[in-house]
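Chemist:
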Amino acid sequence: MSSAEHRATHRAATTEDDAAGLLALLRSVPDHPAPGVTFWDITPLLGDAQALARATGALAEAARALPGGRIDLVAGVEARGFVLGAPLALALGAGFVPLRKAGKLPWRTVRQDYSLEYGEASIEAHEDAVPAGARVLVIDDVLATGGTASAACTLVQRLGGELAGALFLLELVGLDGRAALATALGGAPVAAVLQTP
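Start counting the sequence shown at 13; every next residue gets the next number (this note's numbering).
(1) Can you list the beta strand (DSSP E) stretches of 3 or more residues lying completely in the segment 58–93, in chain order?
(2) Who pairs with K113 in a beta bridge, going by DSSP?
(3) Cβ of F108 versus every heavy atom of the ligand NAP: is any distance shorter than 8 angstroms?
(4) Tell me W52's beta-bridge partners as DSSP assigns them.
(5) By DSSP, does L206 sit in helix, in strand, or in coil?
(6) What are the partner residues of L182, as DSSP defines its beta bridges?
(7) For the 8 angstroms Cβ check, are there 3 or more pairs between the segment 137–149 and the segment 103–111?
(8) Is it buried or exposed, S14, if we count other Cβ atoms within 10 angstroms and call 16 or more buried?
(9) Of all the options P56, A156, V86, L38, which has the alpha carbon lying nearest to the alpha carbon of G107?
(10) Grouping DSSP H, G and I as helix and E and B as strand, with all else coil, what is V168?
(11) Note the first and the last residue of the continuous alpha helix (DSSP H) segment covering T121.
(12) If we ignore side chains and look at the alpha-carbon of each, how far apart do G173 and Q62 end up?
(13) Return helix, strand or coil for A176, following the three-state DSSP convention.
(14) Taking A161 as the reference, give the member of V205, A103, E183 with the closest Cα.
(15) In whole angstroms, what is the alpha-carbon distance linking P42 and F51?
(16) If you draw a straight line from the C-alpha of T55 to the C-alpha of L38, how long is it?
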C-alpha cells in the first residue's frame, strides 16, 4: 500500500467541502515558536461554535472507525489536546486523561522526556491515571514530526494502557510524523481529520 493510500484509509470520512471549510479556519504562523517552524493555530476554529461542533463530530467519527473496538480513555496532550479531547471523550462515553507539561500535576507522576524541532520537553500523567489494560486513544491538535505524539503514546504504555491509536485534527503530511509514530504505536492506527501537504 502506498503512503497516499495509507493516509486515505486512515483519514476521517469528512466531506471535501467540510474539510476545506474547517481547514480554512486554521491559521499558519511562520517562525513561531522558533525561526523556521510554522505553527498551525486552531483558535479561529475553536472560536466558531459550528466549526468546533463539526470538528468534534469528525474526530468522534474517526475514533469510532479505528479498528480494535472499545476506547476506555482519551488522553489529551496539553494544551490543545485538552480542548479537543474532553468533548471527544464525552462523545465516545470514555474517560479523559490529561497529559501535562512537567511540574503541573499535583500528585505523583510518571514523566516522559522527548525532543521537539526547537528543543527538549517533557510530559507527565498521574501514576494512577490509566488502569492496567485500559484501551487509550491519544489525541492532539497537530501531527507534525511525531515527537510529542510518540512521547504521549510511550507514556500511556508505561502507565499500563493499551494503545487504541492516535488521533489528530490536522496532519502535516510533508513532515512524515506517521513514520516517527510507528515504533511508539506498535501497530496501533493513526488517523487525522484534516491534512496539509
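All C-beta atoms in this analysis are idealised placements derived from N, C-alpha and C, irrespective of residue type, glycine included. Since this is a predicted model, take the numbers as computed values, not measurements.
Modeler: Answer, in terms of the structure:
(1) If we require 3 residues or more, the beta strand (DSSP E) runs fully inside the segment 58–93 come out as 85–89.
(2) Here the question's residue 113 lines up with position 101 in the sequence shown. Paired residues: I135.
(3) By its list of ligands, the structure shown contains no ligand whatsoever, and the ligand NAP lies outside what it can speak to.
(4) Taking the sequence shown and counting its residues from 1, one reaches residue 52 at position 40. The beta-bridge partner set that DSSP reports for W52 consists of S40.
(5) Numbered from 1 along the sequence shown, position 194 holds the residue referred to as residue 206. The answer is strand: DSSP assigns L206 an E or B state.
(6) Translated into the one-based positions of the sequence shown, residue 182 becomes position 170. Answer is V154, L206, bridged to L182.
(7) Yes: the two stretches touch, three or more of their Cβ pairs being nearer than 8 angstroms.
(8) Translated into positions along the sequence shown, residue 14 becomes position 2. Unreliable placement is indicated for S14, whose pLDDT of 38 sits below 50; no coordinate value is reported for it.
(9) For this step, residue 107 is matched to residue 95 along the sequence shown. Ranking P56, A156, V86, L38 by Cα distance to G107 puts V86 first.
(10) Position 156 of the sequence shown holds residue 168. For V168, the three-state secondary structure derived from DSSP is helix.
(11) As a working mapping, residue 121 is identified with position 109 in the sequence shown. Segment 121–128 is the beta strand (DSSP E) holding T121; no alpha helix (DSSP H) there.
(12) As a first step, residue 173 must be located in the sequence shown, where it is residue number 161. As a first step, residue 62 must be located in the sequence shown, where it is residue number 50. One alpha carbon belongs to G173, the other to Q62, and they sit about 33 angstroms apart.
(13) Reading the sequence shown from its first residue, position 164 is the one you call residue 176. In the structure shown, A176 falls within a strand segment according to DSSP collapsed to helix, strand and coil.
(14) The sequence position of residue 161 within the sequence shown is 149, counting from 1. Measuring from the Cα of A161, the nearest candidate turns out to be E183.
(15) Sequence index remark: in the sequence shown, residue 42 carries index 30 (1-based). Sequence index remark: in the sequence shown, residue 51 carries index 39 (1-based). Approximately 6 angstroms between the Cα atoms of the pair.
(16) By one-based count along the sequence shown, residue 55 stands at place 43. By one-based count along the sequence shown, residue 38 stands at place 26. Distance from the CA of T55 to the CA of L38, rounded to the nearest whole angstrom, comes to 7 angstroms.
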